[in-house]
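Read the structure below first, then the notes.
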Amino acid sequence: MILSDNETSKCLLEITSHDYYTYTHSVNVGVLSVLLAKTFYLYSDAHDMYELGAGFFLHDIGKTRVDSSIINKQGKLTEEEMRVMRTHPQHGYDILKEANQLSKECRIIVMQHHEREDGSGYPLGLKGDEIHDYSRICSIADIYDALTSRRSYHKPMRPFEALKFMRDKLMQHFKKEIFINFVLLFR
0 MILSDNETSK
10 CLLEITSHDY
20 YTYTHSVNVG
30 VLSVLLAKTF
40 YLYSDAHDMY
50 ELGAGFFLHD
60 IGKTRVDSSI
70 INKQGKLTEE
80 EMRVMRTHPQ
90 HGYDILKEAN
100 QLSKECRIIV
110 MQHHEREDGS
120 GYPLGLKGDE
130 IHDYSRICSI
140 ADIYDALTSR
150 RSYHKPMRPF
160 EALKFMRDKL
170 MQHFKKEIFI
180 NFVLLFR
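0 is the number of the first residue of the sequence shown in numbering that gives the first Met the number 0; add one for each residue after it.
Put into structure tokens, the structure is as follows:
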């Protein structure tokens with residue numbers, strides 16, 4: 000399916016060689032995002048699920064240009080390290096644009112997956128309808144996987160616990176309709 004595309008496979012292998020956690024996170028987010036996107040777009044010819052899948056799987060490709068010592072740092076990042084980390088969406092966009100084989104939609108997902116409905120995200124500080132729905136889908140899956148994954152700086156939450164936390168503490172970051180469909184994936 001998505002991995003039959005040579006450019007997507009090549010980029011995923013690049014992520015693997017840079018940081019294994021980012022690779023597994025990318026696969027998890029890719030799968031969850033495709034499942035969520037299918038609830039909206041499965042029967043629509045206007046949305047190419049292969050292209051969307053490539054964007055979802057490669058959402059963190061820009062981290063290959065961030066030093067792995069920052070990605071895997073134990074504990075909280077400094078302001079400077081956080082500034083560097085926040086460059087990864089732009090780096091990812093640039094990588095895909097340079098490859099010139101993946102669609103504009105893929106690049107939008109990569110660039111906007113850290114944007115938030117309330118404008119508190121990065122790198123552009125977009126809010127509401129300035130954010131593409133594809134990126135909104137990826138954002139929810141990205142946060143969910145981060146909450147349910149073991150990292151050096153936090154223990155994983157159980158799935159229901161993560162969904163409850165997202166609803167209670169992070170809802171202002173999400174488009175409600177997309178979040179509800181995400182929760183319904185787990186019923």
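Just so you know, even glycine gets a beta-carbon here, dropped at the ideal spot from N, CA and C.
Predicted model only: the values in this text are computed from it and were never measured.
Item, Value
"DSSP three-state label for isoleucine 1, please.", "Since pLDDT at isoleucine 1 reaches only 49, below the 50 mark, its modelled position is unreliable, and no value is offered."
"Whose C-beta lies closer than 7 Å to the C-beta of isoleucine 70 among residues of the same chain, with five residues either side of it excluded?", "Asp18, Thr21 and Lys62"
"So what does arginine 150 bridge to, in DSSP terms?", "His153"
"Kindly indicate which residue of Arg149, Val33 and Cys10 has the alpha-carbon position closest to the one of arginine 64.", "Cys10"
"For asparagine 180, which option in Lys37, Ser151 and Leu76 has the closest C-alpha, if you only look at C-alpha atoms?", "Lys37"
"Determine, for alanine 53, whether the minimum Cβ-Cβ distance to residues of chain C falls below 8 Å.", "Among the protein chains of the structure shown there is no chain C, as only one such chain exists."
"Could you spell out the range, first to last residue, of the alpha helix (DSSP H) harbouring glutamate 160?", "158-168"
"Sort Arg157, Lys174 and Ser134 by Cα distance to glutamate 116 and report the nearest one.", "Lys174"
"Confirm, please, whether the CB-CB distance from alanine 161 to leucine 35 is below 8 Å.", "no"
"Can you say whether methionine 170 is buried or exposed, counting buried as having 16 or more other CB atoms within 10 angstroms of its CB?", "exposed"
"Do you know offhand how far isoleucine 108's Cα is from valine 28's?", "12 Å"
"Write down the C-beta distance between serine 148 and histidine 113 rounded to the nearest angstrom, noting that I regard them as a contact closer than 8 Å.", "17 Å between Cβ atoms; not a contact."
"Please report how far the alpha carbon of aspartate 128 lies from the alpha carbon of proline 88, in whole angstroms.", "19 Å"
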